[in-house]
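Notes for the one structure printed next.
Set out below in structure tokens:
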């Protein structure tokens, strides 16, 4: 069972327990002449600080310092009319102290679990809380950086489209233009890997890191990984030596370290674990220790900071088609007939599709579609010269995707096709390592160690 | 560099080296009045035996014992007309000795790399050699079982379709009806996992194990894993206590052990490594040590031998559709409009598709298609009650796929839809654990250990 008073200790915990209060209950905290009424939130801050966190009805969180004269009581559900604006934003207390000597880091919120809260009536999670809220829930980040926070979107990441990638690229670029040292993008985890790849291609050069971060449990659940991940992401944005788009998420199930994964090599590999994000066919870029404010580089082959260079724009007439036994040329035809510009095939093994589909693939190429081959094995490298099927596919005009993730190849092709539709140029760019999406050197340890009893 | 005389030692090796011969060269071996001319093959047999293996022009391999009076010489390329039938099959020597007291095991060859040879002119691999050949190349298997070998297909596994699954099911059933203790199916590795799942559903009960086996390097390459895997598969067929369809392949890069993976839980996870096959969300069933003729059970939850019960037949109007950011309802519509009967969605995270596609999914369900949700994370379990997107998909009639691999869910739906099209019955069967395709208990160690520097 999860602790019903997660993060609370000492005197505050004793008082809350006496009142039979649990996280999620409605409470009223009275301090001097001020009344803070709302939902009791879990605490993720450094241990030992005696603070009660309440989510007000206007959506803001307040942290009220527990000191003589402060009292807390159970509150009833508010009447409908009293829901909004009962307390205005300016009573939020205490505002995080922004140290002027810290590097400026911008947080752009796009939605997802890290910015979501549980609906207490239904138990479901909806994207709701703001970046400002995050700062209040995780005040430690203000010790690492001078934080500025904005909401760009408030959507689940399964609803992200190439158009949203363009919006994120623009918002991040704007922050760097205004002098940010690094940018944190909070994002739903479902398609965070795709967005990380999109940013990797769109930013030809960056003045600092872009850290995408999310959480696997919502930020007002006691078991949430939101705080740890956010602290790690802010640390990366403020201090990392690389200037790439990375995903920063838990490295293991505990709160020891997070990992910064290169945006073109990262994939969500588990539906629910905190360490769901893993690098495939490449080592992670760095281990990140937020408690010790330390970043340990694993892979020194990273991009250094440079001038901001943006090439924004993604073609949304690209599809990812996964091979399965029995797939027919008809499936390829459907995309050709609908006017698609490109297809990333997720073939089997070294990069194969059934021989019965090759005629349809040939036709797709003839009609001007760019067709790229990747492997559903995920690990390893496409090699289409070994078997006759592969050689026939190459002859049909298929572009081999090397060791690229199918997801990354999809994003890359979408990005390329927004720049050029010239077949030779598309091929040249697909075969060029633009953002570390291909790793020429696979060492044995990159293949994970599986459980064999 | 690979050993150009792989497997040869002692006196034979010295003689071959003196002649400057390498595996792949054309040789002539003269023994008494008999002449064996063909390609020098690598040796995979037990060390110490002095035998030269030659692939004759008729496709058969001979193993000629090195003894006084035998001599070997380099041969020239044969004239075109002399290629076939230069030596008839009956000179093959020595025929593997079939011990009558060993358990009867049938080998059914369907093609793929394990039954392929390199075309020396082009360097490409084509499926060509027969099951009989395998027995000659790997004579040790006759020490484990009384082998009977047949060719069913000679195709690459990327060309396998649900119709081929039906043919394999029928052939395997026939072998059991004729008294086989176990059956080995040699198969290309690309779609071996899918076929293993197909056999798992089609055999409701089995008298013994069905071991699918393949190789990642062709059997006449020095680095081939064909011999080791075949020995392990024959051992499983002859001795394993479980009566399930399993994939038997290398467990690590050396020749220490193979693994027997449950057919519904196995996936090819690497394009080229020998240990490409891994169990996902479940432990492998057993470790297999062919050198020691020993099988070590890892997971005791296996099916015991029983009467043969076959329910053959797969619906080929099922598709596997992988989600990517920007996918539209149009993609779902295309399959509905083409008269498909079922769709397995490979969604993101806990089982999500974009909210913009839900109307199309609703329509698919209304038009009678079965729609099943799985996760492209591969690891973990679908849970569609956590987020509003998931609940909307459930309300639209989507069937959650639990912790099933997308590939296994695809095969299962194809098998179910060949039995019934009744929506309630399809749902009931999809939610029922029919062949170990769902594992109710995920222990932490099932998630592999990734390289973190």
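Chains as they are written, first to last, in the numbering used here: chain A, 1 to 453; chain E, 1 to 453. The beta-carbon is built from N, C-alpha and C at its ideal position, and this holds for glycine as well.
query, result
"CB residue 261 (chain A) to CB residue 196 (chain A), shorter than 9 Å?", "yes"
"Please state whether the Cβ-Cβ distance between residue 23 (chain A) and residue 5 (chain A) is less than 9 Å.", "yes"
"Any C-beta of chain E within less than 7 Å: which residues of the segment 259-274 of chain A qualify?", "259, 268, 269, 270, 271, 272 and 273"
"Just verifying my parser: in three-state terms, what is the DSSP assignment at residue 150 (chain A)?", "strand"
"Could you round the C-beta distance between residue 454 (chain E) and residue 215 (chain E) to whole angstroms and report it? I think they count as a contact, below 8 Å.", "Here chain E has residues from 1 to 453 only, and residue 454 (chain E) is not among them."
"Mind checking if residue 239 (chain A) is an interface residue toward chain E, Cβ cutoff 9 Å exclusive?", "no"
"Can you find a C-beta in chain A that's less than 9 Å from the C-beta of residue 359 (chain E)?", "no"
"Does the beta carbon of residue 372 (chain A) sit closer than 9 Å to a beta carbon anywhere in chain E?", "no"
"Kindly list, in the order they appear in chain E, the residues whose Cβ is closer than 9 Å to that of residue 287 (chain A).", "452 and 453"
"With a cut-off of 9 Å, does the C-beta of residue 336 (chain E) fall near any C-beta of chain A?", "no"
"Would a C-beta distance cut-off of 9 Å place residue 319 (chain E) and residue 189 (chain E) closer than the cut-off?", "no"
"Is it buried or exposed, residue 445 (chain E), if we count other Cβ atoms within 10 angstroms and call 16 or more buried?", "exposed"
"Spatial neighbours of residue 517 (chain A) within its chain, please: C-beta separation below 7 Å, excluding the five flanking residues on both sides.", "Because chain A spans 1 through 453 in this model, residue 517 (chain A) falls outside it and cannot be assessed."
"Label residue 433 (chain A) either buried or exposed according to how many other C-beta atoms from any shown protein chain fall within 10 Å of its C-beta, with 16 as the threshold for buried.", "exposed"
"Take residue 244 (chain A) as the anchor and find which of A:443, A:184, A:268 and A:155 has the nearest alpha-carbon.", "A:184"
"Kindly identify the DSSP beta-bridge partner or partners of residue 278 (chain A).", "A:267"
"What is the rounded straight-line gap between the Cα of residue 148 (chain E) and the Cα of residue 186 (chain E)?", "13 Å"
"Could you spell out the range, first to last residue, of the beta strand (DSSP E) harbouring residue 249 (chain E)?", "245-250"
"With distance defined between alpha-carbon atoms, name the residue in A:240, A:272 and A:422 nearest to residue 252 (chain A).", "A:272"
"So, helix, strand or coil for residue 419 (chain E), using DSSP?", "coil"
"What does the alpha-carbon distance come out to for the pair residue 431 (chain A) and residue 156 (chain A)?", "33 Å"
"In the DSSP assignment, what are the bridge partners of residue 53 (chain E)?", "E:63"
"At a CB-CB cut-off below 7 Å, which residues of chain E make contact with residue 190 (chain A)?", "348, 349 and 352"
"Closest by CA to residue 287 (chain A), which one among A:267, A:266 and A:256?", "A:256"
"Rounded to the nearest angstrom, what separates residue 229 (chain E) and residue 10 (chain E) at their Cα positions?", "26 Å"
"Using a Cβ-Cβ cut-off of less than 9 Å, give me the residues of the segment 410-437 of chain A that come near chain E, in sequence order.", "410, 411 and 414"
"Residues in its own chain within less than 6 Å of residue 240 (chain E) by CB, not counting five upstream and five downstream?", "209 and 295"
"Consult DSSP for residue 136 (chain E) and reduce its assignment to one of helix, strand or coil.", "helix"
"Where residue 437 (chain E) and residue 20 (chain A) are concerned, what is the direct C-alpha to C-alpha distance, given to the nearest angstrom?", "44 Å"
"Would you grab the beta carbon distance between residue 372 (chain A) and residue 394 (chain A) for me? Rounded to a whole angstrom, and I think it's under 8 Å.", "In fact, because the Cβ distance is near 12 Å, the residues do not count as touching under 8 Å."
"Measuring only the C-alpha atoms, how far is residue 435 (chain A) from residue 402 (chain A)?", "14 Å"
"For residue 366 (chain E) and residue 315 (chain A), I'd like the C-alpha separation in whole angstroms.", "32 Å"
"CA-CA distance, residue 441 (chain E) and residue 30 (chain A)?", "47 Å"
"Using Cβ-Cβ distances below 7 Å, what residues of the segment 141-165 of chain E are close to chain A?", "156, 158, 159, 160, 161 and 162"
"Should residue 232 (chain E) be flagged as near chain A, meaning a C-beta pair shorter than 9 Å?", "no"
"Identify whether residue 410 (chain A) lies in helix, strand or coil by the three-state DSSP scheme.", "helix"
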